[in-house]
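So in our numbering, spot 48 of the sequence shown is number 595, and the numbers just go up one at a time.
Heads up, the beta-carbon is just placed ideally off N, CA and C, and yes, glycines get one too.
Worksheet: the structure to be examined is printed underneath.
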Amino acid sequence: MNIGFRTRLDHELAKPEAAQDLLPHATMQYFLLPNALVVFQVDHIEVWRVEPLEVDRCRATTSVFALRGPVGDRERAYLVKNLDLLLDVTGREDFPMMRRSSAIWRRAPCPTSCSVESNQHSSTSTAASTTPSPPAASNTGPDRF
């Protein structure tokens, strides 16, 4: 499990343990090997899946699950806005950052303690896991929720 903090936790950690509520201030991420990630948010759960396509390409798809379906247009618009924001941030910030990091590692000299094979394997694995593809068909269009 990994915890990503969205805000400072000083005020929560100052409370008695039984009264602490970390979820509004963090995301909890569970890695499901070999290729999935479950992210717990305050009001929904994201499931990310990564499918290798080639040595240096993969397809990343996501699904968003809420405790219940939207009741009315306002709730539906809220869920659609959250999914759009998620896809925008990952497409504009997260995946490009991983792509740049991967390129740096591919150019880095191999440390003397590793063999050429392990360096090549490392580079290919990193590159394969960071190249995004367009969202899956289920993530597009007005009927996604």
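Given residue i, which residues of its chain have a CB within under 7 Å of its CB, disregarding the five upstream and five downstream residues?
i	result
His668	In this predicted model, His668 has a pLDDT of only 36, less than 50, meaning its place in the structure is not dependable enough to derive any value.
Looking only at its chain, what residues have a beta carbon closer than 6 Å to the beta carbon of residue i, apart from the 5 residues adjacent to it on each side?
i	result
Thr554	His572
Ala683	Since pLDDT at Ala683 reaches only 41, below the 50 mark, its modelled position is unreliable, and no value is offered.
Met498	Nothing can be reported for residue 498, as the shown portion of the chain is limited to 548 through 692.
Considering only the beta carbon of each residue, do residue i and residue j sit closer than 7 Å?
i	j	result
Glu598	Arg604	no
His591	Val611	yes
Val589	Gln576	no
Less than 8 Å between C-beta atoms, sequence neighbours within five positions excluded: which residues of the same chain meet that for residue i?
i	result
Leu626	His591, Val611, Ala613, Pro617 and Phe692
Leu633	Glu593, Thr609 and Val611
Please report the residue range of the beta strand (DSSP E) in which residue i lies.
i	result
Gly551	Asn549 to Phe552
Considering residue i, what are the terminal residues of the alpha helix (DSSP H) in which it resides?
i	result
Glu559	Asp557 to Leu560
Ala624	Gly619 to Val636
Pro643	Phe642 to Arg654
Assuming residue i and residue j form a contact by the criterion Cβ under 8 Å, report the distance between their Cβ atoms to the nearest whole angstrom.
i	j	result
Trp493	Leu584	The structure shown has nothing for residue 493, since the chain only spans 548 to 692.
### Task
Quick one: which unbroken alpha helix (DSSP H) runs of 4-plus residues sit fully inside the region 567-610? Chain order, please.
none
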